[in-house]
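First up is the structure itself, then whatever we jot down about it.
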Amino acid sequence: MTRLLNTIRNARRVLTTLAVVALLVSSRHPTLLDQIIEEGRLVVVTRNNPTTYYEERQGATGYEYELVESFADYLGVELELMVVDNLQAAMEALESGEAHISAAGFTKEQTSGYPVVYGPTYSSISEQIVYRLRTPKPESIEDLQTGRLMVPAKSRHARTLRHWQKTELPSLSWRETNELDASDLLQMVSDRELDFTLVNSNEFRLMRSYLPNLDVAFTLGEIQTVAWVMPRRADESLRDRTFDFFYRPETGVLMAELSERFYGHVGQFDYVGAHRFLRHSRKILPRYEKDFKAGAEKHGFDWRLLAAMGYQESHWNPRARSFTGVRGLMMLTLRTAGELGVTNRLDPSQSIAGGSRYLAGLRERLDESVREPDRTWMALAAYNVGFGHLEDARRLAEKLGRNPDLWIDVKKVLPLLTQQRYYRQTRYGYARGQEPVNYVQNIRRYYDVLIWNEEQIIADESDSEALHGSDVPVTVIPPLL
Numbered sequence: 062m063t064r065l066l067n068t069i070r071n072a073r074r075v076l077t078t079l080a081v082v083a084l085l086v087s088s089r090h091p092t093l094l095d096q097i098i099e100e101g102r103l104v105v106v107t108r109n110n111p112t113t114y115y116e117e118r119q120g121a122t123g124y125e126y127e128l129v130e131s132f133a134d135y136l137g138v139e140l141e142l143m144v145v146d147n148l149q150a151a152m153e154a155l156e157s158g159e160a161h162i163s164a165a166g167f168t169k170e171q172t173s174g175y176p177v178v179y180g181p182t183y184s185s186i187s188e189q190i191v192y193r194l195r196t197p198k199p200e201s202i203e204d205l206q207t208g209r210l211m212v213p214a215k216s217r218h219a220r221t222l223r224h225w226q227k228t229e230l231p232s233l234s235w236r237e238t239n240e241l242d243a244s245d246l247l248q249m250v251s252d253r254e255l256d257f258t259l260v261n262s263n264e265f266r267l268m269r270s271y272l273p274n275l276d277v278a279f280t281l282g283e284i285q286t287v288a289w290v291m292p293r294r295a296d297e298s299l300r301d302r303t304f305d306f307f308y309r310p311e312t313g314v315l316m317a318e319l320s321e322r323f324y325g326h327v328g329q330f331d332y333v334g335a336h337r338f339l340r341h342s343r344k345i346l347p348r349y350e351k352d353f354k355a356g357a358e359k360h361g362f363d364w365r366l367l368a369a370m371g372y373q374e375s376h377w378n379p380r381a382r383s384f385t386g387v388r389g390l391m392m393l394t395l396r397t398a399g400e401l402g403v404t405n406r407l408d409p410s411q412s413i414a415g416g417s418r419y420l421a422g423l424r425e426r427l428d429e430s431v432r433e434p435d436r437t438w439m440a441l442a443a444y445n446v447g448f449g450h451l452e453d454a455r456r457l458a459e460k461l462g463r464n465p466d467l468w469i470d471v472k473k474v475l476p477l478l479t480q481q482r483y484y485r486q487t488r489y490g491y492a493r494g495q496e497p498v499n500y501v502q503n504i505r506r507y508y509d510v511l512i513w514n515e516e517q518i519i520a521d522e523s524d525s526e527a528l529h530g531s532d533v534p535v536t537v538i539p540p541l542l
């Protein structure tokens, strides 16, 4: 019995010693996640483009940026960005340890040849051949041999073309450049400097409003999935935490908000309407730019938002009139004009000043719980359908288990105000609820185009010595034949 007790005591000592050793070893070798939290920073490598990260007047933004910033907040650390131009540079940053995560919109298929692991899949994209309308439309990859084709060097698209050249079409030839990205190449197709280019579907979806004379000829290859990328190592603590983050209900809500913010207004494309808007923005908008800027400065708006709203209201026609009796550039009712001190609704300066003030008042009336940019989208909807109907929709949204403070939820409820079983529950009754949804969507699209136009002008003025698209260094990829 004594021998048995001694054996148990010795075993306990061994186990205790092993536990202490394990604790000491683990303390000497903290996990990657421990290191990140200890250092207080998460280094993320990304790209500068409309679908990932870019700078605007209010600071950094972009779908990937907003998502990874939320992840950094979730970890309780600061976000540090490392911006690169291509896949190879991003993978090198991961392999060298300079960056912890790549959140650059790369697909799993693109990065499968590198020593990496992935977080959860959260998006999917395809590759699209884009051409200029009113030029011969390529129907297949064989037709690309008849025109000028260019893609970014070291890109997914360059690898796709090489694959097709090796496996299906050895006679295929194209050009590659390190100097231009997807938006530059789309502009060159629009300007007839190229016949075709190959871009990601989400990139073209955003750019199409700016370049209405472009269209998709066909999709090349299979749909591919997008995920955050991390270096492969024995320690997968950071990867595991990305799964925890993506599977939280709060992250699901965030991703829905981001999808609405960055893609929610990109709907059915109107070629004729987009052309008309671009023409009006060049010829008519400059007459009223000063008034829009004055209204914006006084009430805390971006003048381009007010201009987009003015175009939606009247196509910047100061003598516009509707069958309901609203008149002028900002289409004010007689009663509203009187309340705002507008004595002549046909005076564009008075109309813009009055419309800006009215929109600001609607924005102020919303509950404090409604944050930007949802606050502005709801104020615009109220301008169109009336504040009472908007509040009806918000209350109805809450009854239906939706969030009344999010435009993504309210815009789904507004069309229900045309149905008796819903509007009979409201204070103000029936409303043509789809109209404010379309109204806000159109304004957001026009607003984006005006921002893009102004940025193009600024870029041209500040970079007058930059190479034109036709002058950039290129590499010709010859046929294999």
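Be aware that the sequence shown starts at 62, since it is given in our numbering, and climbs by one per residue. From the three backbone atoms N, C-alpha and C, an ideal C-beta is built for every residue, glycine too.
Asked                                                                                                                                                                                        : Found
If distances are taken between C-alpha atoms only, which option among Leu267, Ser270, Arg269, Glu237 comes closest to Leu255?                                                                : Glu237
What is the DSSP secondary structure of Gln486, reduced to helix, strand or coil?                                                                                                            : coil
Any chance you could list the beta strand (DSSP E) runs of at least 3 consecutive residues sitting entirely within the stretch 152-221, in chain order?                                      : 177-179, 184-193, 210-213
Might you give, ordered along the chain, the residues of its own chain that have their beta carbon closer than 6 angstroms to the beta carbon of Ala454, omitting 5 neighbours on each side? : Val471, Val474, Leu475
Enumerate in chain order the residues of its own chain whose CB-to-CB distance from Asn239 is below 6 angstroms, with the five nearest sequence positions on each side excluded.             : Ala214
Can you tell which of Gly371, Pro111, Phe132 has its C-alpha closest to the C-alpha of Tyr124?                                                                                               : Pro111
Express the C-alpha separation of Ile512 and Ala443 in angstroms, rounding to a whole number.                                                                                                : 24 angstroms
Whole angstroms are fine: how far does the CA of Val327 sit from the CA of Leu542?                                                                                                           : 42 angstroms
Would you mind stating whether Asn188 and Arg223 have Cβ atoms separated by less than 9 angstroms?                                                                                           : As written in the sequence, residue 188 is Glu, which differs from the Asn given in the question. Going by C-beta atoms, Glu188 is not nearer than 9 angstroms to Arg223.
Which whole-angstrom value is the C-beta distance of Val290 and Val177, which I expect to be below 8 angstroms?                                                                              : 5 angstroms
Would you identify the three-state DSSP class for Asn274, choosing helix, strand or coil?                                                                                                    : coil
Is the stretch 431-451 close to the stretch 474-489, with three or more CB pairs under 8 angstroms?                                                                                          : yes
With a Cβ-Cβ cutoff of 9 angstroms, do Ala335 and Pro273 count as a contact?                                                                                                                 : yes
Look up Pro534 in the DSSP assignment and say whether it is helix, strand or coil.                                                                                                           : coil
Suppose you measure from the CA of Ile538 to the CA of Trp235; what does that come to, to the nearest Å?                                                                                     : 5 angstroms
Please state whether the Cβ-Cβ distance between Leu128 and Val104 is less than 9 angstroms.                                                                                                  : no
In chain order, what residues of the same chain lie with their CB nearer than 7 angstroms to the CB of Pro292, ignoring the 5 residues before and after it?                                  : Leu155, Glu156, Pro176, Val177
If Ala440 sits next to Leu457, beta carbons under 8 angstroms apart, how far is it from one beta carbon to the other, in whole angstroms?                                                    : Not confirmed; about 18 angstroms, so no contact.
Identify whether Ile98 lies in helix, strand or coil by the three-state DSSP scheme.                                                                                                         : helix
With a threshold of 6 angstroms on Cβ separation, who are the neighbours of Arg388 within its own chain once the five nearest residues in sequence on each side are excluded?                : Arg382, Arg406
If contacts are defined as beta-carbon pairs under 8 angstroms, then Val287 and Gly166 qualify, I think. What distance do you get, rounded to the angstrom?                                  : 6 angstroms
What do you get for His90, buried or exposed, if any count of 16 or more other CB atoms within 10 angstroms of its CB means buried?                                                          : exposed
Just checking my contact of Ser417 with Phe362 at CB under 8 angstroms: how many whole Å lie between their CB atoms?                                                                         : 7 angstroms
So the candidates are Ala414, Phe338, Gly137; which of them puts its Cα closest to the Cα of Asn514?                                                                                         : Phe338
Flag this pair as yes or no: are the beta carbons of Arg193 and Val260 separated by less than 9 angstroms?                                                                                   : no
In the DSSP assignment, what residue or residues form a beta bridge with Leu55?                                                                                                              : The question about residue 55 has no answer, for the chain in this structure spans 62 to 542.
Let me make sure I understand the geometry here. Which of Trp468, Ser410, Arg463, Val191 has the alpha-carbon closest to that of Glu433?                                                     : Trp468
Pull up the DSSP beta-bridge partners for Val290, would you.                                                                                                                                 : Ser163, Tyr179
Can you tell me where the beta strand (DSSP E) with Tyr115 in it begins and where it stops?                                                                                                  : 115-117
Starting from Trp235, trace the beta strand (DSSP E) in both directions and tell me its first and last residue.                                                                              : 235-238
If you measure between the beta carbons of Tyr419 and Arg309, is that distance less than 9 angstroms?                                                                                        : no
Under three-state DSSP, which class holds Thr479?                                                                                                                                            : helix
Could you give the C-beta distance for Met391 and Gly415, rounded to a whole number, given that I count them as a contact under 8 angstroms?                                                 : 6 angstroms
Return the chain-ordered list of same chain residues with a C-beta closer than 6 angstroms to the C-beta of Arg506, the five sequence neighbours on each side being excluded.                : Ser270, His326
Once you ignore the five residues that flank Tyr483 on each side, which residues in its own chain have a CB closer than 7 angstroms to its CB?                                               : Leu457, Leu477
Between the C-alpha atoms of Phe279 and Val212, what's the straight-line distance to the nearest angstrom?                                                                                   : 16 angstroms
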